[in-house]
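In the order they appear, the protein sequences are chains A and B.
Numbering-wise (this note's numbering), the first sequence opens with residue 1 and increments by one.
Numbering-wise (this note's numbering), the second sequence opens with residue 1001 and increments by one.
What follows is a set of notes on a single structure, which appears directly below.
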Amino acid sequence: MSTATTTHDTHDDHGPASGLMRWVTTTNHKDIGTLYLWFSFIMLLIGGSFAMVIRAELFQPGLQLVDPQFFNQMTTMHGLIMVFGAIMPAFVGLANWLIPMMIGAPDMALPRMNNWSFWILPFAFTMLLSSFFLEGGAPAFGWTFYAPLSTTFAPDSTDFFIFGVHMMGISSVMGAINVIATIFNMRAPGMTLMKMPLFVWTWLITAYLLIAVMPVLAGAVTMMLTDRHFGTSFFDAAGGGDPVMFQHIFWFFGHPEVYIMILPAFGIISAIIPTFARKPLFGYSSMVYATASIAILSFMVWAHHMFTTGMPVAGELYFMYATIMIAIPTGVKIFNWVSTMWRGSMTFETPMLWALGFVVMFTIGGFSGLMLGIAPVDTQYHDTYFVVAHFHYVLVTGALYSIIAAFYYWVPKWTGHMYDEKLGKIHFWWSTIAVNVLFFPQHFIGLAGMPRRIPDYSLQFADWNMISSIGGFAFGLGQVFFLYIVIKTIKGGKKASDQVWEGATGLEFEALPSPAPYHSFNEAPAVK
Amino acid sequence: MIQVVTDNNPGYIRFVLTPNRSISWPILLRFYLLTCVLSFSIAGLFALLGYWIVLPFSGLEMMALGAGLYYTSTKIYRQEVITIDNDHIKLEKGFQKPTESWEFDRAWVQINTEKTGSYIQKIKINMGSHGNYVELGSFLTEVEKESLVFQLNKGIIFRGFMGQTG
């Protein structure tokens, strides 16, 4: 009998590769998360610059800076870039960084696919943005690309848009598959579904929504393509098709898409508020069920975007009540956040300020959404600036605020450096004042009847438009300041402790050092 | 995860090594089928209205989802089974069924541990004899690997001793 245990030392990889190829070939979830976040920031600045053109043109009545066709290109590309290029990739970036660390997994389940799903995006958006330089200019039919504007009357560059949307869709689907496979298969022992942080839960549900609706988007743009070039008449009434059906198809995708852009935000806020209230989240289970309810309801309300296209009263009533019903699970969330703060030992560091800004202003966006959901009055509000104010309160002070809050909350864990608290607070107060100066007056001009997507307007709307534009420029400036804070934090700063925040809980804070190592959780962590 | 199986034969011991898995295959399959039902219902509804182009995209997407889930399952449902009897040690590796197997003479077998210096896998365990070594439990955590080495040594030496004397 001769058994022996001998030990040899060899050396393989120690960390990330060096040079540019690290970023091209990386399969590390943290690297890919970083790539997504930088990409979304660049898109935020590009989409934001289009918004500046829009607000500059609307600063005064009359046509000042750009012609109406280019103005429409700006509104279209602003919407597309912000929705598909800024908000969605930012949440995917956060998912990449955080989900493996939160569930105790060493990486995402399908790391090579993760790399592809990111690297498709720069090509998709380069293709989309290149349409500015093509004959006929960029798409000018709004981010909703309603037929026949996007079919019969669209420029040739629309084919680039269609191909770009397909590529973004493929990227989103691959990202969603990865999130589902990771959360289901790679949780650490003891990390049951009902022990998962809410950010992970909200992302699991978001991924499911993405899987459910992306084929509808792909089908819609493909039918646009065949209508344009292959003689079909899906959306052409002259050939027996139905242009209104395009709107049904688009919003069947588009309404869940709205929740795709907000559910992860709920997860972020549910992580931040308990930390700075120093209390566990109130009603964890109800938060999970509320998120699932919102996701289910999101499939049943699409036609509230289409009340003015004409539909039977029974249809209007159904979609109205179904829409208003979403207020119940959303209200559960708001009340749970408020209850978490109730009698908590609250402190107001920068992430908490952004989270509180989210709770207050997202609620404003929610309430204006309820107003829009009431079919009889929606006839008045439809396609006015009231709608613009509503969805910007949801997407800017909702989704974007949560992303910024997430940055301030987790960046010490990512970089090992604390951000500059004073600069973070200046960033918050500057942005919050500016964003309300920008969007709140749009409620007034919308209720007074100013239509959206117009480069010129009646004199009666002049004052509020000027104020709104000033708010817009200030908000834009605030985000350039944010870029400075981001770079400053990455380059250095006070060293962050491992727990980072006194009240922080979760594996990323309790089981990993700051900065988190390149490869985390070689050991499955103990989950209590 | 390491599962140890013994029976009345004191010279016999079996180690079943599996990676950490947080979901069972039947539940994953149910989730996948539910997703297929939802996706094809939506696409089918549009197809009935004449907008059939959604359907192939649903099909492609469900294929991709299925492939992703199946691929990850093949990784987490891998098994390595080490069976030690009175004279031999048999190692089998595979997914659902053994696809590779090795047999060693128990008297000559060696267990080597190797510090790799890698952040991903700090320790490698090799088993074999006469220059023919096979890696064991690459998916185990470092703590599990240390435990495996201890248990294997114990299993080979101690149970062997028990087998000879019992």
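All C-beta atoms, glycine included, are put in the ideal place defined by N, C-alpha and C.
Would you list the residues sitting across from A/F266 in a DSSP beta bridge?
Taking the first sequence and counting its residues from 1, the one referred to as residue 266 of chain A is at position 266. None, per the DSSP bridge assignment.
Pick from A/T151, A/D420 and A/P89: whose alpha carbon is nearest that of A/D236?
Numbered from its first residue, the first sequence carries residue 236 of chain A at position 236. For the residues A/T151, A/D420 and A/P89, the minimum Cα distance to A/D236 belongs to A/T151.
Contact criterion: CB-CB distance below 9 Å. Does B/T1141 meet it with respect to chain A?
The residue you call residue 1141 of chain B lines up with position 141 of the second sequence. True, the Cβ-Cβ gap to chain A drops below 9 Å.
What span of residues does the beta strand (DSSP E) with B/Y1051 cover, start to end?
Translated into positions along the second sequence, residue 1051 of chain B becomes position 51. Here B/Y1051 belongs to no beta strand (DSSP E), and DSSP marks it neither H nor E.
Entirely within the region 448-494 of chain A and at least 4 residues each: give me those alpha helix (DSSP H) ranges in chain order.
Within the region 448-494 of chain A, the complete alpha helix (DSSP H) runs of at least 4 residues are 462-491.
Rounded to whole angstroms, what is the Cα-Cα separation between A/M108 and A/T182?
Here residue 108 of chain A corresponds to residue number 108 of the first sequence, with the count starting at 1. Here residue 182 of chain A corresponds to residue number 182 of the first sequence, with the count starting at 1. Cα to Cα, A/M108 sits roughly 6 Å from A/T182.
Anything in chain B within Cβ reach of A/L204, meaning under 8 Å, just list it in chain order.
Working through the first sequence from its first residue, we reach residue 204 of chain A at position 204. Residues of chain B passing the Cβ test: none, with the nearest at roughly 10 Å.
Pull out every residue of the region 1019-1043 of chain B whose Cβ sits closer than 9 Å to any Cβ of chain A, in chain order.
Answer in chain order: N1020, R1021, S1022, I1023, I1027, L1028, F1031, T1035, L1038, S1039, I1042 and A1043.
State the Cα-Cα distance for the pair B/G1059 and A/M214, rounded to the nearest angstrom.
Here residue 1059 of chain B refers to the residue found at position 59 of the second sequence. Here residue 214 of chain A refers to the residue found at position 214 of the first sequence. Taking the straight line from one Cα to the other gives about 12 Å.
Could you round the C-beta distance between A/A277 and A/G331 to whole angstroms and report it? I think they count as a contact, below 8 Å.
On the first sequence, position 277 is the one that residue 277 of chain A refers to. On the first sequence, position 331 is the one that residue 331 of chain A refers to. With 8 Å as the limit, A/A277 and A/G331 do not qualify as a contact, their Cβ atoms being about 19 Å apart.
Output needed in chain order: residues of the region 185-212 of chain A with a Cβ under 8 Å from some Cβ in chain B.
Residues passing the 8 Å Cβ filter: N185, M186, R187, A188, P189, M191, Y208, I211 and A212.
Enumerated in chain order, which unbroken segments of the beta strand (DSSP E) with a length of 3 residues or greater are wholly contained in the region 1030-1085 of chain B?
Whole beta strand (DSSP E) segments, 3+ residues: 1078-1084.
According to the Cβ coordinates, are B/V1143 and B/T1113 closer than 9 Å?
Translated into positions along the second sequence, residue 1143 of chain B becomes position 143. Translated into positions along the second sequence, residue 1113 of chain B becomes position 113. Not in contact: B/V1143 and B/T1113 (Cβ atoms no closer than 9 Å).
Could you check whether the region 253-271 of chain A touches the region 211-227 of chain A, counting it as contact only if at least three pairs of C-beta atoms, one from each stretch, sit closer than 8 Å?
Yes: the two stretches touch, three or more of their Cβ pairs being nearer than 8 Å.
Kindly indicate which three-state DSSP category B/G1094 falls into: helix, strand or coil?
The residue given as residue 1094 of chain B occupies position 94 in the second sequence. Strand.
Give a yes or no on whether the minimum CB-CB distance between B/E1135 and chain E is below 9 Å.
In the structure shown, chain E does not exist; the protein chains are A and B.
Among residues of its own chain, excluding the 5 on either side of A/A124, which ones have a beta-carbon nearer than 6 Å to its beta-carbon?
If you number the first sequence from 1, residue 124 of chain A lands on position 124. Contacts found: G164, M167 and M168.
Against chain A, with Cβ distances strictly below 9 Å, would B/S1073 count as a contact?
Taking the second sequence and counting its residues from 1, one reaches residue 1073 of chain B at position 73. Cβ-Cβ to chain A under 9 Å: yes for B/S1073.
Using a 10 Å radius around the Cβ and a threshold of 16 neighbouring Cβ atoms, would you call A/Y484 buried or exposed?
Indexing the first sequence from 1 puts residue 484 of chain A at position 484. Per the 10 Å Cβ criterion, exposed.
Output the residue ranges of the alpha helix (DSSP H) runs that lie fully inside the region 347-414 of chain A and measure 4 residues or longer, sorted by chain position.
Runs found: 350-373, 375-381 and 385-394.
Going by DSSP, what residues sit across from B/G1128 in a beta bridge?
Residue 1128 of chain B sits at position 128 when you count from the first residue of the second sequence. Bridge partners of B/G1128: B/Q1110 and B/Y1133.
Using DSSP's beta-bridge definition, name the partner residues of B/H1088.
Sequence index remark: in the second sequence, residue 1088 of chain B carries index 88 (1-based). B/D1105, per the DSSP bridge assignment.
Along chain A, which residues have their Cβ under 7 Å away from the Cβ of B/K1122?
Taking the second sequence and counting its residues from 1, the one referred to as residue 1122 of chain B is at position 122. N522, listed in chain order.
Just list the residues that DSSP pairs B/E1100 with in beta bridges.
Counting from 1 along the second sequence, the entry for residue 1100 of chain B is found at position 100. B/E1100 is bridged to B/K1093.
To the nearest angstrom, how far is the alpha carbon of A/W337 from that of A/M320?
Counting from one through the first sequence, the residue named residue 337 of chain A turns up at place 337. Counting from one through the first sequence, the residue named residue 320 of chain A turns up at place 320. Cα to Cα, A/W337 sits roughly 27 Å from A/M320.
Chain A partners of B/S1138, CB-CB under 9 Å?
The residue labelled residue 1138 of chain B in the question sits at position 138 within the second sequence. Under the 9 Å cutoff, chain A gives no residues; its nearest Cβ is about 12 Å from B/S1138.
Can you check whether the CB of A/T350 is closer than 9 Å to the CB of A/F428?
Sequence index remark: in the first sequence, residue 428 of chain A carries index 428 (1-based). Sequence index remark: in the first sequence, residue 350 of chain A carries index 350 (1-based). Contact: yes.
Just confirm the distance between the C-beta atoms of A/M196 and A/A105, as a whole number of angstroms; I'd bet it's less than 8 Å.
Translated into the one-based positions of the first sequence, residue 196 of chain A becomes position 196. Translated into the one-based positions of the first sequence, residue 105 of chain A becomes position 105. Contact flag wrong, Cβ pair sits at about 12 Å.
Please name the residues in the region 1055-1081 of chain B whose beta-carbon is closer than 9 Å to at least one beta-carbon of chain A, in chain order.
So the close ones are L1055, P1056, F1057, S1058, G1059, L1060, E1061, M1062, A1064, L1065, A1067, G1068, L1069, Y1071, T1072, S1073, K1075 and I1076.
Within 9 Å (strictly less), CB to CB, does B/Y1012 reach chain A?
Your numbering for residue 1012 of chain B matches position 12 in the second sequence. No, B/Y1012 does not count as interfacial toward chain A.
Could you check what DSSP says for B/R1014 in three-state terms: helix, strand or coil?
Translated into positions along the second sequence, residue 1014 of chain B becomes position 14. In this structure, B/R1014 counts as strand in the three-state DSSP scheme.
Report yes if the CB atom of A/G472 is closer than 9 Å to the CB atom of A/M101, and no otherwise.
Position 472 of the first sequence, counted from the first residue, corresponds to residue 472 of chain A. Position 101 of the first sequence, counted from the first residue, corresponds to residue 101 of chain A. Contact: no.
Checking contacts by CB at 9 Å: is B/L1148 closer than that to chain A?
For the purposes of this step, residue 1148 of chain B is taken as residue 148 along the second sequence, with counting starting at 1. False, the Cβ-Cβ gap to chain A never drops below 9 Å.
Please return the same chain residues whose Cβ sits closer than 6 Å to the Cβ of A/R112, not counting the five positions on each side in sequence.
Numbered from its first residue, the first sequence carries residue 112 of chain A at position 112. T27, listed in sequence order.
How many whole angstroms separate the CB atoms of A/A526 and A/G190, which I take to be in contact at a CB cut-off of 8 Å?
One-based indexing of the first sequence puts residue 526 of chain A at position 526. One-based indexing of the first sequence puts residue 190 of chain A at position 190. So it is a contact: roughly 7 Å between Cβ atoms.
Would you identify the three-state DSSP class for B/G1166, choosing helix, strand or coil?
Locating residue 1166 of chain B in the second sequence gives position 166, where the first residue counts as 1. Residue confidence is low: B/G1166 scores 32 on pLDDT, short of 50, so the model does not pin down where it sits. No coordinate-derived value is stated.
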